[in-house]
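What the sequence shown shows, in the numbering used here, is residues 18 to 410, in sequence order. Even glycine gets a Cβ: it sits at the ideal position worked out from N, Cα and C.
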Amino acid sequence: MGASFDALVIGGGAAGLMCALTAGQRGRRVAVVEHANRVGKKILMSGGGRCNFTNTGATPANFLSANPHFCKSALARYTPSDFIAMVERHGIAYHEKELGQLFCDQSSKQIVAMLLAECAAGGVRIETGCSVERVQHGDGGFHVHTTHGAFNAPSLVVATGGLSIPSMGASGFGYEVARQFGHDVLPTRAGLVPLTLSGKHQERMADLSGVALPVAARCRDASFSNDMLITHRGVSGPAILQISSYWQPGDALRLDLLPGRDALDTLQQLQRERPAAELRTVLGELVPKRLAQRLCEISLPSRPMKQYNLPQLRDIANQLSDWPLVASGTEGYRTAEVTLGGVDTDQLASATMQSRRVPGLHFIGEVVDVTGWLGGYNFQWAWASGHAAGMGL
Ligand SMILES: Cc1cc2nc3c(=O)[nH]c(=O)nc-3n(C[C@H](O)[C@H](O)[C@H](O)COP(=O)(O)OP(=O)(O)OC[C@H]3O[C@@H](n4cnc5c(N)ncnc54)[C@H](O)[C@@H]3O)c2cc1C
Numbered sequence: 018m019g020a021s022f023d024a025l026v027i028g029g030g031a032a033g034l035m036c037a038l039t040a041g042q043r044g045r046r047v048a049v050v051e052h053a054n055r056v057g058k059k060i061l062m063s064g065g066g067r068c069n070f071t072n073t074g075a076t077p078a079n080f081l082s083a084n085p086h087f088c089k090s091a092l093a094r095y096t097p098s099d100f101i102a103m104v105e106r107h108g109i110a111y112h113e114k115e116l117g118q119l120f121c122d123q124s125s126k127q128i129v130a131m132l133l134a135e136c137a138a139g140g141v142r143i144e145t146g147c148s149v150e151r152v153q154h155g156d157g158g159f160h161v162h163t164t165h166g167a168f169n170a171p172s173l174v175v176a177t178g179g180l181s182i183p184s185m186g187a188s189g190f191g192y193e194v195a196r197q198f199g200h201d202v203l204p205t206r207a208g209l210v211p212l213t214l215s216g217k218h219q220e221r222m223a224d225l226s227g228v229a230l231p232v233a234a235r236c237r238d239a240s241f242s243n244d245m246l247i248t249h250r251g252v253s254g255p256a257i258l259q260i261s262s263y264w265q266p267g268d269a270l271r272l273d274l275l276p277g278r279d280a281l282d283t284l285q286q287l288q289r290e291r292p293a294a295e296l297r298t299v300l301g302e303l304v305p306k307r308l309a310q311r312l313c314e315i316s317l318p319s320r321p322m323k324q325y326n327l328p329q330l331r332d333i334a335n336q337l338s339d340w341p342l343v344a345s346g347t348e349g350y351r352t353a354e355v356t357l358g359g360v361d362t363d364q365l366a367s368a369t370m371q372s373r374r375v376p377g378l379h380f381i382g383e384v385v386d387v388t389g390w391l392g393g394y395n396f397q398w399a400w401a402s403g404h405a406a407g408m409g410l
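Written as C-alpha cells, this is what we have:
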C-alpha cells in the first residue's frame, strides 16, 4: 500500500533536487521526501545568502576522497557551464567574486526557486515536513515508511547530506541507510571549519582576535594562499577553512606569513634601506602591527635592523615563512561547511551513483565520500552527482 513512484529521493537539498528534476524531466515519476519544513535550507544560507553555486575552474583535483578518481565521471558529464546555462535560462544575475567563484547578485532564494520550478516542470512531488521512519527493500522495490504514509518505488536515492549544521536539518540518516544495506561508511569529520588553539598557543593569540592577514597555509601535501582571521578560540578565514579539510589532530600545520614574497630578500632590502629601524617596526609594515608586536614578544627579539647578521636574518625569514601553528582541534560540525568521509565510493558505480550491492539504491551529494574545497565546489558536486543519478533512473 501507499503511493507508488519510479524513484524516491530522500533529502530535498542541492543534490536531491537536481536528481529529482533531471529524472522528472525524463518522464520518471519522482517523489522527494524532506524532513525539514522547507527544501534547500543549506542553499539558502550558503555564500552569505548569495549562494556560491559553482566554480568555473572545478576539476577533480579540487575534491578530497579515499578514491580521487570516483568523482571524475559525474563532474565531466555535468559541468559548471551546464549549471550556469540553467541559471541564465532562469534570468538569475550572477557575478564572479574571485578564483572562479560564482555568486547570485541578489539572493540564494533564486537558486531554490529555480530548482523548484525545474522540479515542477518534471512533475516532481515534494513532501516537506515528512520524516522517514523505516526503509525496507523487497517485492521488487523500496518501501519508505514516513510520517506522511508509505512511498514505494523500484529506485531509492539517498541525498541526505552530511552532519554539518545540525540545526539546519543535518542528520546521520544516510549513513544508517548505507550500513543497513551493507555499505561501508568511511569515518566522518568536520571540514571547511575553523581551527581551535589551546593552552599557551591560544593565550598568545586570543587578544589578537579580529586581526586578519593573507597567509599560505600548508599541511600534508596541500597549500592554500588566502586570508586568515585570528579569533577568540583559534583561527579561521578562507586559508584556514581550506587547510582544515586536510588537517588531522597531531598534524603539523605551517603558515607563510609573507606569501608570495621571499622573506630573506625582503628583510635584507629593509636592512639596507632602513638600518636604524627596529625589526618590530618594519615587520609591522609587512603584517598587521599587533601581530608583528606579538611575534617579536614570542620569538623574534626586536633590535635595529643593522644589528642582525645574515644567519640571524635567515632565521627570522625562516620563522616568518614557515611559522608552526599548533592547532588543538576544530570547531566541529556546529560551524563546519561540510562533512569529510561518508559512504565509501568503492561500492558505488561512478557513472550512475548506483549501489553495486543493492540494485536501485543510489547515494548522491555530500553523504558520499567526496568533499570539495571552499569556493562553490561542493555545490558543483551536488549538481553533478544528482544529475548522474537522475540520468540513470
Ligand atoms: C553555512 C554553509 C554555507 C555553505 N556555502 C556553500 C557555498 O557557498 N558553496 C558551496 O559549493 N557549498 C557551500 N556549502 C556546502 C553545501 O551547502 C553542501 O555541500 C551541499 O548543500 C550538499 O548538498 P546535499 O544535497 O548533499 O546536502 P544538503 O544540501 O545538506 O541536503 C540534504 C537534505 O536532506 C535533508 N535530510 C537530512 N536527513 C533527512 C532525513 N532523515 N529525512 C528526510 N530528509 C533529510 C536535509 O534536511 C536537507 O534538506 C555550505 C555549507 C554550509 C553549512
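Which value, in whole angstroms, describes the spacing of the CA atoms of residue i and residue j?
i, j, result
"H112", "F87", "30 angstroms"
"L258", "G19", "45 angstroms"
"V210", "L330", "35 angstroms"
"A344", "I260", "12 angstroms"
"G15", "L275", "No statement about residue 15 is possible, as the shown extent of the chain runs from 18 to 410 and does not include it."
"S242", "Y394", "17 angstroms"
"Y263", "A78", "13 angstroms"
"R250", "S215", "8 angstroms"
"L34", "F100", "13 angstroms"
"M185", "Q219", "30 angstroms"
Go through its chain and collect everything with a Cβ distance to residue i's Cβ below 7 angstroms, but skip five positions before and after it.
i, result
"I381", "A32, C36, V174, A176, M370, S402, G403 and A406"
"G41", "V47, C136, G139, G140 and V141"
"R55", "T145"
With DSSP as the reference, identify every bridge partner of residue i, one or two as the case may be.
i, result
"C121", "Y111"
"N72", "Q118"
"F87", "Answer is none; F87 lacks a bridge partner."
"F80", "G389"
"S172", "A24"
"A229", "L246"
"E144", "V50"
"S372", "L365"
"D273", "A233"
"G346", "T213"
"V355", "G208"
Is residue i a contact residue of ligand 1, with contact defined as CB to any heavy atom under 8 angstroms?
i, result
"W264", "no"
"C313", "no"
"F70", "yes"
"G179", "yes"
"M408", "no"
"M62", "yes"
"A334", "no"
"N326", "no"
"A102", "no"
Under a three-way DSSP split, which group does residue i fall into?
i, result
"A138", "helix"
"P328", "helix"
"I27", "strand"
"D339", "coil"
"P255", "helix"
"N243", "strand"
"L133", "helix"
"G267", "coil"
"D282", "helix"
"I182", "coil"
"R235", "strand"
"E295", "strand"
"I381", "coil"
"A167", "strand"
"T205", "strand"
"V161", "strand"
"V4", "An answer regarding residue 4 cannot be provided, because it is not within the stretch 18 to 410 covered by the chain."
"G64", "helix"
Spatial neighbours of residue i within its chain, please: C-beta separation below 8 angstroms, excluding the five flanking residues on both sides.
i, result
"F198", "H154, S372, R374, V375 and L378"
"N244", "For the sequence presented, residue 244 should be read as Asp rather than Asn. Contacts found: A229, L230, P231, V232, G254, P255 and A256."
For ligand 3, any of its heavy atoms closer than 8 angstroms to the Cβ of residue i?
i, result
"M222", "With respect to ligand 3, the structure offers nothing, as its ligand set consists of ligand 1."
Within the same chain, show all residues whose beta-carbon is closer than 6 angstroms to that of residue i, passing over the 5 residues directly before and after it, in chain order.
i, result
"S240", "A233"
"S172", "A24, G377 and L410"
"A195", "V202 and V360"
"G158", "N169, A170 and P171"
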